[in-house]
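Number of protein chains: 2
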Amino acid sequence: MAAAIALSGRGRGLSTPNPNVGCLIVRHDRIVGRGWTQKGGRPHAEAQALAQAMEQAHGATAYVTLEPCFHLSPRGPRCADLLARAGVARVVIALRDPDPRTDGQGAAWLRERGVTVEMGLMAEQAARAMAGFVLRQTRGRPHVTLKLGLSLDGRIALADGSSRWITGPDARAHAHVERARHDAIVVGGGTLRADAPGLDVRLAGLEDRSPRRVLLSRSDAPVGWERIGAPEEIAALNRVDHLLVEGGAETAAAFLRAGLVDRLLLYRAPILIGAGLAGIGDIGLADLAHAHGRWRLTDERRLGVDRLEVYEAVSSA
Amino acid sequence: MAAAIALSGRGRGLSTPNPNVGCLIVRHDRIVGRGWTQKGGRPHAEAQALAQAMEQAHGATAYVTLEPCFHLSPRGPRCADLLARAGVARVVIALRDPDPRTDGQGAAWLRERGVTVEMGLMAEQAARAMAGFVLRQTRGRPHVTLKLGLSLDGRIALADGSSRWITGPDARAHAHVERARHDAIVVGGGTLRADAPGLDVRLAGLEDRSPRRVLLSRSDAPVGWERIGAPEEIAALNRVDHLLVEGGAETAAAFLRAGLVDRLLLYRAPILIGAGLAGIGDIGLADLAHAHGRWRLTDERRLGVDRLEVYEAVSSA
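Going down the list, the protein sequences come from chains Z and L. Heads up: the first sequence is residues 1 to 317, going by UniProt numbering. Heads up: the second sequence is residues 1 to 317, going by UniProt numbering.
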């Protein structure tokens, strides 16, 4: 299942409006098919894996990160039906599909056709890998990551605004991979005017994975940009399951004030800046007691001399 | 030697004007004597360890974190002489004594008396454990640690100054142990007026290890405090080898501007504060390129939900 979840990551930032599912088909301890939801949502992971496995799917076990879809769609076949027809003997599912059109019916359909079904294996990890899809289903909005590149003392730039470079090439490359894993990036009007950021993915082989650009502003957005007037409007962004907030301090604060940050990506350089620009503006915190218990460290690593820390909102689980 | 260095830690913050040395005497794979420089500098580590070992020191190996002293003092015997007279067969030394009154002569004296001497084992670690003594000898000033208790976004307090509590009980207890390992603590006038800090060690069994209190200010210091007018004046503080800078932002910046911070102790809580007080004021940084390559991570650990990171200045080695 861990391998299937890893496969699901390949579709992230590409698969909307469909969830980025991963699927692995195993027969006699050998992988005979691998699939992940393709660009635009089709084919589904299961369809792709079954096409690889061909007749070897018969009697095999399929590992799927999300319950196979049961509802009819003009865009493609129902995966539950596909798996049953291919003669798969056992389907191991991480996460039950929260979409009410499937929601247990995919598993039931398979069981009725004599397929052994297990559900719940690594469900938490699968939900994290498809966090945007899950939030869309449960709260009607995309999953939001706030990215900050900080000095040890929490600065994102000198007082004059210069921020090239705080973090080194490894951290910047990692940040570009993160961009590719998101459907859209948000910046505020100040950042747009000051930095005129391209927000593209500058990594060989991933140039076509640059996410859409969204401006948080009351004024009009330039050509090639979408605009939202408030963080809450992200719910209306079409085909955006994973959203990255890249700055500046007021935009970060606006999302935090609205309770619309699910994940923090902190790239920290081993430098001190002193007087300079802070990464986060006023979030309306009146009492330190209210600041505690909200964030949980879920990943950390070294990136050259820099360090990455990933925190997830405790309440968004 | 690692055990001898650990022993040396027991005298830190107590042993001035003498270095906090550790000594272990081993005979037939058994520890027969342990010692560390006692309060006020006497007895020396070697004398204490030899007193424990008694006749078992004969033919034994002594591990000492610093070259045994050779120079005559009215305050006690010469350790090189003591070791030779006790019949110790072998002396393993981490660090050659930078004090010009010994500086290789202790080792030479031992060799002349037929004792096998090895020097340099874990010298870097020993130098770190006696960093204050080494800096006193080489630069004529104490070793300076800057402590900060920060939120993830680098704040040390809300905008109204409230900072109770950012870090949790484990981090605060650790900070009190660090206080006990220092001879004196510096704060600025703003911190004194705002927080009236006790700066004492509030840990059971260590109450008597509270360091001296030093005020960085142009105005007079209250009773029980010493005063310096500028960071450079720390060189004149009597019997201070290890100095802890605890705040606030302007005091931290003054020491950083003067190039007088050797070590950073960052206690980081998993909280966001947003608009609030920064930990470090203007350090006169005009170009980000100058900020890089100055700090190296040397230790990190979890303290409850908080994290401690220790950085050392690259140039002070």
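Where is the CB? At the ideal position from N, CA and C, for every residue including glycine. Nothing here was measured: the structure is a model prediction, and the numbers come from that model.
Chain Z within 8 Å of residue i, Cβ atoms only
i, result
"residue 279 (chain L)", "yes"
"residue 282 (chain L)", "yes"
"residue 317 (chain L)", "At residue 317 (chain L), the pLDDT of 41 sits below 50, so the modelled position is not reliable and the matter cannot be decided from this model."
"residue 303 (chain L)", "no"
"residue 2 (chain L)", "no"
"residue 152 (chain L)", "yes"
"residue 297 (chain L)", "yes"
"residue 128 (chain L)", "no"
"residue 266 (chain L)", "yes"
"residue 166 (chain L)", "yes"
"residue 15 (chain L)", "no"
is_contact[residue i, chain L] using C-beta, thresh 8 Å
i, result
"residue 192 (chain Z)", "no"
"residue 311 (chain Z)", "yes"
"residue 20 (chain Z)", "no"
"residue 274 (chain Z)", "yes"
"residue 5 (chain Z)", "no"
"residue 25 (chain Z)", "no"
Rounded Cβ spacing between residue i and residue j (contact assumed at less than 8 Å)
i, j, result
"residue 57 (chain Z)", "residue 25 (chain Z)", "6 Å"
"residue 60 (chain Z)", "residue 51 (chain Z)", "At roughly 14 Å, the Cβ-Cβ gap does not stay under 8 Å, so residue 60 (chain Z) and residue 51 (chain Z) are not in contact."
"residue 211 (chain Z)", "residue 183 (chain Z)", "6 Å"
"residue 135 (chain L)", "residue 128 (chain L)", "11 Å between Cβ atoms; not a contact."
"residue 126 (chain L)", "residue 79 (chain L)", "That belief does not hold up - the Cβ atoms of residue 126 (chain L) and residue 79 (chain L) are roughly 15 Å apart, past 8 Å."
"residue 55 (chain Z)", "residue 102 (chain Z)", "Wrong, their Cβ atoms sit about 27 Å apart, outside the cutoff."
"residue 185 (chain L)", "residue 179 (chain L)", "6 Å"
"residue 12 (chain L)", "residue 202 (chain L)", "Actually they do not touch by this definition, with Cβ atoms about 19 Å apart."
"residue 285 (chain L)", "residue 152 (chain Z)", "Incorrect: roughly 13 Å between the Cβ atoms, too far for contact."
"residue 115 (chain L)", "residue 83 (chain L)", "7 Å"
"residue 19 (chain Z)", "residue 133 (chain Z)", "4 Å"
"residue 45 (chain L)", "residue 22 (chain L)", "6 Å"
"residue 162 (chain Z)", "residue 256 (chain L)", "Rounded, the Cβ-Cβ distance is 19 Å, inconsistent with contact."
"residue 188 (chain L)", "residue 217 (chain L)", "7 Å"
"residue 137 (chain Z)", "residue 98 (chain Z)", "4 Å"
Listed by chain order, chain L residues near residue i by CB distance under 7 Å
i, result
"residue 292 (chain Z)", "271"
"residue 31 (chain Z)", "In chain order: nothing, as chain L lies at least about 38 Å away."
Contacts of residue i in chain Z (Cβ-Cβ under 7 Å)
i, result
"residue 158 (chain L)", "285 and 288"
Proximal chain L residues relative to residue i, where beta-carbon distance stays under 9 Å
i, result
"residue 8 (chain Z)", "Ordered by position in chain L, no residue passes the 9 Å Cβ test against residue 8 (chain Z), which lies about 28 Å from the chain."
9 Å Cβ cut-off: residues of chain Z touching residue i
i, result
"residue 155 (chain L)", "154, 278 and 280"
"residue 162 (chain L)", "287 and 288"
Residue i Cβ short of 7 Å to the ligand ADP heavy atom set
i, result
"residue 302 (chain L)", "Ligands in the displayed structure: none, and consequently the ligand ADP is not present."
Short CB-CB distance (under 8 Å) between residue i and chain B
i, result
"residue 294 (chain Z)", "Checking the listed chains, one finds no chain B in this structure; the protein chains it contains are Z and L."
### Query
For the 8 Å Cβ check, are there 3 or more pairs between the region 140 to 147 of chain Z and the region 258 to 278 of chain Z?
yes
### Query
Okay, do the region 272 to 284 of chain Z and the region 266 to 280 of chain L touch, 3+ Cβ pairs below 8 Å being the bar?
Contact annotation: the region 272 to 284 of chain Z touches the region 266 to 280 of chain L, with at least three C-beta pairs closer than 8 Å.
### Task
Residues of the region 247 to 261 of chain Z with a CB closer than 8 Å to any CB of chain L: list them in chain order, please.
253 and 256
#### Entry: Touch test, the region 105 to 117 of chain L against the region 88 to 95 of chain L, Cβ-Cβ under 8 Å, three pairs minimum
yes
### Task
Determine contact between the region 296 to 304 of chain L and the region 153 to 173 of chain L, defined as no fewer than three beta-carbon pairs at a distance below 8 Å.
yes
### Contact list for the region 221 to 236 of chain L against chain Z, Cβ threshold 8 Å
none
### Message
Check whether the region 2 to 13 of chain L and the region 284 to 296 of chain L touch, using three or more Cβ-Cβ pairs below 8 Å as the test.
### Response
no
### Query
Are the region 229 to 245 of chain Z and the region 115 to 125 of chain Z touching by the rule of at least three beta carbon pairs closer than 8 Å?
A contact is defined here as three or more CB-CB pairs under 8 Å, and the region 229 to 245 of chain Z fails this definition with respect to the region 115 to 125 of chain Z.
### Query
Per the contact definition of three or more C-beta pairs closer than 8 Å, is the region 242 to 259 of chain Z in contact with the region 218 to 228 of chain Z?
no
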